[in-house]
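A short worksheet on the structure shown next.
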C-alpha cells in the first residue's frame, strides 16, 4: 500500500503553499527556521502544533508587510523559494494584487489645503470618494488626484478605507505634544539589543504603528527607547494595575524618569503626570453613558501614546484612538491576531506593523518550553450520572463540572505536587465546589469576595511557600493577577476566550528557573458537557504547541498508588 | 452563443442524416465547401449511406493492381478501409468507392486539396488532363496542384495514367462545387424565346428572330466568353455591378422585387433606377429558379472570378505572424497537471458521496454544477469542463435507471495511477472527445446554459478534428499564439477545412474554447505550448512520465498532530486517502490535504465497521511521526461509547410482568409466525401489526391487553359514542354507554335491579325506610346503617349532592335539618359519603369532603394488604366482602342463581347487609343484588387483575 522509500525521501523546501492562502511549514525540515524567518514577515502564525505550523496570508498581513518595507516581488520570491511544490500562478498574482492595494491612497498634510487624500490611481480615488461610508468624511475636491479630508475624520477615514480594501498610507505627520525630556540609562545590566533599537527606530521614523515581538523579547525596552526618542508627555495604556506597576519599576530603573514624573491612573489612583500609566479598565469605565476617564485622558497634550498588548485592546479604546490620530501611537504585542477580528482597526487606527523581529534573534534568547497539559477524565459515579441526566439544561454544566468524583483526583494531584514541593493552584468556577475542595485539601479559598488585603497576604504566603496549595475562583482570577505556580489544576469553568486562556496559562505556568516544566491539569467529568469544553481547550492548547495528554482518572490514581 | 441542438445533431460527424438546406443557408462561415457536404447529405438522405456510384473500371483495375506496399499505404492513409478488416478485395473495393469513405479521406485534407477536388468536379469529366486542372487553378499554383494530385493519388482518389487522370467517381458528384451555381445550359434552355431575345438585346447582341436553339446557343456563347461577361459587368450601373460581384462569390439565389399585388416585377426602385436584381436578370447574368429569386450560373460566376474558381494565393497556407512566447518552465507543467488531476479527483469524490441528479431534459444542470464547483473549489466554468472530461475519460457516468451521475469503477482504478498516467488519461480522453467540453456551461441560442454531460456523440466528430487541428497548429507555431485566436482559427481552418465546415459556433470561438481547455490541462501555459502538448500530439506517454516525474509529488507523507489534524502531502495512495476521508473531515486542500479528526468523524469509521484497534493500526502504519496520545485517546473514547444505544425497527412490542412468561411466549411454536424477538428479559418485539399479535396471543390462550403510548391500558370494549349531559355540571359530554345505567336510573327514578327484582326492591325500600324510621324513633341509630343498602343509593343520589355542594357553614336552617334527618334517619354514616359519592361529586366537593368525615374530623385510612386466600365459608365470605367494601377492592366470586345456574362474576361491592349484597357487576357495572348464601367462593382481585378489569 505504501512505499516507505517514497515516503522518507524528502525533496524540495519546507513550505507547502495551499491555494486558500495558508502556508504549511514543516518543522523537521532542515531549512524550516530559515523559511520561518522569511514568511513570518508577511503571514500570521495561525496554529503551531508539534510538526507542521500553519501560517495564513491575509490582506492585512500583506499590507502590514508592505508597510514594514516588503514588496510583492520579495513575498512571491520567498514563496517560490521555500515551496516544496510549484506555487499556483493565480495565488502569486493574487498576493501581488493585494500588496499593490496598499499605498495607492495617501493621507498627506498639504501646506495649502491641510489634510488631503491623494492618489496615484485616479480610479481608486473615484471608487473611494463615491463609497457611502466615505462621502461624509471628505471635503471638497482639490484636483483630480486630491481631495481634502476633515481633520477630525482622519481615523475614521482610514477605518472606512480599509473596509473598502484600499488601505491608505498615513503620511500626514504628528503633533509633537508637550515636550518632556526622557533619557535612557544604558549600563552593563541593561542595554538595548540590536533588534530593539531597530524596532524603536522603525517606529520613530513612521510615527505610529505596531511592533510585534514575541513574549520575553523585551517589548518594554522598545517602548522606553521610543519614549526617549520622542521625549514628550507620554500615556501608556496597560492591561492591569499589576502591569502598570511593572512598567513603573522598569521606567524608574532604566530611564531618567523619577517617581514624581510617573503617574498611575487606575481604579485606585488617578494621577496625571508627564508619563502616565493607565489601565484599559479605567479608560473604558463608564459613568452613566459617559466615559469620564477616557475624556480626561484624551484632552491631555500627549506626544506619544503607548498601547501595551494591542491584541487585548478593548473596542471602546479604538474610538478614542480614532479621535487622536495626530498623536504618535506605538502598539506593542506578541500577536496581531485578535479574538474579536478587529485586526483592521488596529491596522488603521494604531498603525501598521512597523517591525517584526527576525525569528533567529528571539531564538537566541533561549527556547521557552511550554507547559505540559494533562486532561484527567473522571468517570462519574452512577448517581452522579443520573443527577446529570436529570439536571435542567441550564444546570447541566454545573452538575457535571462539580461532580464529587473529581475530589479524589484533585486530592491525589495536590498530594503529589505538594510532595514534590511545587506551589499548586486549584482553579474553579463554582464556589461551593471550591469551598468543599478547600476544606478537603486544608487550603485557603480565595474568591471575588476576599478582601484585597487578605488576598495580598495569601498571595505573599503562597509565593514564599508557606501555603503550598491555594484554591481560587474564576471570579478572583478575573480581577487580580494570579501568582506564578508550577502546577495548576482546573476543576471547573474556563478562562473565557481562547486568547485569554493562552495568555493566562502562559503567565501562570512560566518555566521554572531550574528548567522544570510547569504542569496544567484540567479535571473533566467524562460524558458530560464539561468534556465538550475540554475538547475546545484541548484543540486550542495543542494548536499553541502545548503538549497535551489525556488520561483516565483510574489510570492516574493507579499510578499514584503505585 | 452556440447552437447546442445542432451540436448534438451534427456531432455524429460530417454526414448527418437529413439536414435541410435552410440550415445551411444560415451557416455563416466559410461556404466554399458547402457544396461538398450538401451533396453527400443529399446522397445520404436518399437512402443507404453506402450507396455509391458504379465503379469506374480504371479505378477498380488500379485497386486490383496495387502492390502490397501501395495497398498498405492506402490502408494507412484511409484507415476506415481497414477497420474493420475487409474480408476480401471486393469488400475493400466496395468500401473504397463509398461516398462516406471518400469523405473520411478528405477530412484530413487541407484547403488546397479541397480546392483541387472541386476543380475536378467543375471540370466534370471522368478523365481529365493535369494541365486542365492547372489552367483552372491559375498561374503560380503548379507546385501546389502537383502536390495535391500526388496527395489524391496516394489515397486512390485519382489514378494517374499516361497523360490523364482518372477521377474517383464520388468526386464528380459534388454539387455546387466552389460555391458556383449550376451550369448555364439548363437555365438558358428554360427561357422563352421572348426572354432570350430580350436578353440578347440587353447585352447588345443581335437578336435574330430565329429558332430557339439558335438563341440559346448565342446566349451560351456569350456566357462562356469570360471577357464579354466581365465587360458587361464593368459597364453596369454601380448597384448591379456590386450585386453581380457578390453573387459570383457564392451560389446564393438573389431575391427578385416581386410585387405580389400586381403580379409583376417592380422593375424600378424608388429613385426610378432599374433594380439591380432585375438588371442582372435582364442581362442574362442570373436566371430565375423560382418566381421569387434568381441564381447566377456557373459560367458567369467563374468569369467574374477571373476564370479561376479560387484565388490563386489560397493554395498556399496563410502565414501568421505571432508574438514569441517563452517556453513554460517545467515546474509549471507539474502544477497544472497536479491541479487538473486533483480537481477531477475531487469531482469524483464529490459525486461519489453525493451523485448528481440528472435533468429531465438530460445532463447535469447548471445549479448542480455550481454546487459541485463550490464543493470542489473550482471556477464554475472549469467545473463544467472537467466534468465533461471526466465523463469522456469514463470516470463518471450517468446511471439512466436512477437518473444520477456517479463515478465508475474505472475511477477507482484511475485514482490509483501515478500523476503522469492520471494526467494522460484525462488529456487523451480530452483529445478524443466527440464534443467540446466548453460547450457545457456556454449559453445556447435561447440564452440558456447548456448542461454538463448532456451530449454523448458518436465518434468521429468534427470536435476531434478541430481539437487536433488547433493542437497541431499551436505546436507548429511553437512560439505561442498570443491573442490571435482569429488568425489561429484561419490557419487551423486552412489546414482542415472540413473539420471547421459544420460549426456549432463561430470558428474563432471554437478555437478559443480549445485553447482554454489546453490551458486548463497544462498543454499550454500562459498561451505558450508546453512539452506536454508535444507529448500528447506524439502520443508519447513515456515523455509525459518523464515530464511529470517529481519525486516530491510522488512521495507522500501523512503527519498526525496533537491538535487532532492530519496533513497528507504528495501522492497519497487512494486506499490511505479513502481511509483518512472516512476517519477525518477535510479541512483544507491544495498541494497538501489537511484533515481534522473529531468525535463525529471517528464515529463514522466505527459506523463503517472499523474497530478501534484497526484504526490505530492504520494510523500507526502510515503516520510518519507517530500517533499523538490525544488522537489515540479519542479513538479509544469513541470506541468505548460507540453502540451504547441501539436503534432498530419493530412494529409493536410485548411487555411482560415476568421473564418466565416472556420466555414461554418466545418459545411457543404457535407464535413463531409473529416473528417475536427478545430485546430485554421481559420485552419482546415483533414486526407484525399489533392487532394481529394481540389476537394471535389471545387465540393461544394468553391474556394480553393493549397498551397506549402513555402506558395506560387501552380498553377494547368501546361501545358506541353518545353525547350526554354531564351529570353534575349539566354540560354535554361523551360518556361510555355503560354509564347510562346509573344516569338513567337516577333520572328516571329506576333502580338498576333487573325487571324481576324491581317490584321486590320497591317494596323492600319502602319497608326498609319505614323500619329505619321506626328504629330511629326507638333510639337505635345503628339500625340505619344496616338498612342503608335497602334504601338504595338512588334516594340519596338525587338529593344529597345538591345539599352537600353548598359549603357546610352556609347551609340554610331547613336544609341543615333535612341533612340531619337524612344523615341520622337515612342511615348514612360518614364513610358512606366517601364511598358512595366520591365518584359522582365534583372536584370541589372532593376537596371539601374527600378525606374528611362529615363532621369535619380526618378519617385515617391505613393501607391494608389484599388477602390472597379464597373465602368459602359464609362468615369468611361476608368478612371478605366487607373488607372489599371498605378498601374498595374488586371481588371475584362464584354464584349460583335462583334458577340453579352457576357462574363467576367480578363485582364491586356496594353494600353487604342482611344476607344480601348489592354490587356492581363488571364489565357493565350494572347493579345487582346477590344473596350471600348462594356465593360459592369469593376472592379479592390482585392489583394487576384489577387494573386489567378497569
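Residue numbers (the working numbering), protein chains in the order written: chain A, 6 to 567; chain B, 51 to 1000.
Backbone N, C-alpha and C define an ideal beta-carbon position, used for all residues, glycine too.
Quick caveat, the model's predicted, so the values are computed rather than measured.
Contact check, residue i vs residue j, beta carbons under 9 Å
{"i": "residue 609 of chain A", "j": "residue 302 of chain A", "result": "Past the boundaries of the shown model lies residue 609 of chain A; chain A is included only from 6 to 567, so the question cannot be answered."}
{"i": "residue 351 of chain B", "j": "residue 408 of chain B", "result": "no"}
{"i": "residue 528 of chain A", "j": "residue 436 of chain A", "result": "no"}
{"i": "residue 434 of chain B", "j": "residue 419 of chain B", "result": "yes"}
{"i": "residue 491 of chain B", "j": "residue 430 of chain B", "result": "yes"}
{"i": "residue 202 of chain A", "j": "residue 230 of chain A", "result": "yes"}
{"i": "residue 253 of chain B", "j": "residue 168 of chain B", "result": "no"}
{"i": "residue 990 of chain B", "j": "residue 966 of chain B", "result": "no"}
{"i": "residue 467 of chain B", "j": "residue 475 of chain B", "result": "yes"}
{"i": "residue 686 of chain B", "j": "residue 662 of chain B", "result": "yes"}
{"i": "residue 283 of chain B", "j": "residue 290 of chain B", "result": "yes"}
{"i": "residue 46 of chain A", "j": "residue 72 of chain A", "result": "no"}
Buried versus exposed call for residue i [16 or more other C-beta atoms within 10 Å across all chains shown]
{"i": "residue 174 of chain B", "result": "exposed"}
{"i": "residue 37 of chain B", "result": "Within the shown structure, residues of chain B are numbered from 51 to 1000, placing residue 37 of chain B beyond reach of any answer."}
{"i": "residue 576 of chain B", "result": "exposed"}
{"i": "residue 702 of chain B", "result": "buried"}
{"i": "residue 939 of chain B", "result": "buried"}
{"i": "residue 504 of chain B", "result": "buried"}
{"i": "residue 763 of chain B", "result": "exposed"}
{"i": "residue 251 of chain B", "result": "exposed"}
Cβ of residue i within 9 Å of any chain A Cβ
{"i": "residue 746 of chain B", "result": "no"}
{"i": "residue 680 of chain B", "result": "yes"}
{"i": "residue 181 of chain B", "result": "no"}
{"i": "residue 662 of chain B", "result": "no"}
{"i": "residue 422 of chain B", "result": "no"}
{"i": "residue 843 of chain B", "result": "For residue 843 of chain B, the predicted model reports a pLDDT of 42, less than 50, meaning its position is unreliable; a value from the coordinates is still stated below. No, residue 843 of chain B does not count as interfacial toward chain A."}
{"i": "residue 928 of chain B", "result": "no"}
{"i": "residue 612 of chain B", "result": "yes"}
{"i": "residue 432 of chain B", "result": "no"}
{"i": "residue 595 of chain B", "result": "no"}
{"i": "residue 631 of chain B", "result": "no"}
Interface partners of residue i on chain A, CB under 7 Å
{"i": "residue 619 of chain B", "result": "21"}
{"i": "residue 683 of chain B", "result": "555"}
{"i": "residue 609 of chain B", "result": "56 and 57"}
Chain B within 9 Å of residue i, Cβ atoms only
{"i": "residue 24 of chain A", "result": "yes"}
{"i": "residue 324 of chain A", "result": "no"}
{"i": "residue 540 of chain A", "result": "yes"}
{"i": "residue 164 of chain A", "result": "no"}
{"i": "residue 382 of chain A", "result": "yes"}
{"i": "residue 532 of chain A", "result": "yes"}
Contact list for residue i against chain A, beta-carbon separation under 8 Å
{"i": "residue 642 of chain B", "result": "21, 23 and 29"}
{"i": "residue 638 of chain B", "result": "23, 25 and 27"}
Chain B contacts made by the stretch 26-51 of chain A, where a contact means CB separation under 9 Å: 27, 29, 31 and 33
Closer than 8 Å, Cβ to any Cβ of chain A: which residues of the stretch 379-398 of chain B, in chain order? 381, 382, 384, 385, 388 and 389
Of all the residues that make up the stretch 701-726 of chain B, which are near chain A by a beta-carbon distance shorter than 8 Å? none
Chain B contacts made by the stretch 83-109 of chain A, where a contact means CB separation under 7 Å: 89, 90, 91 and 93
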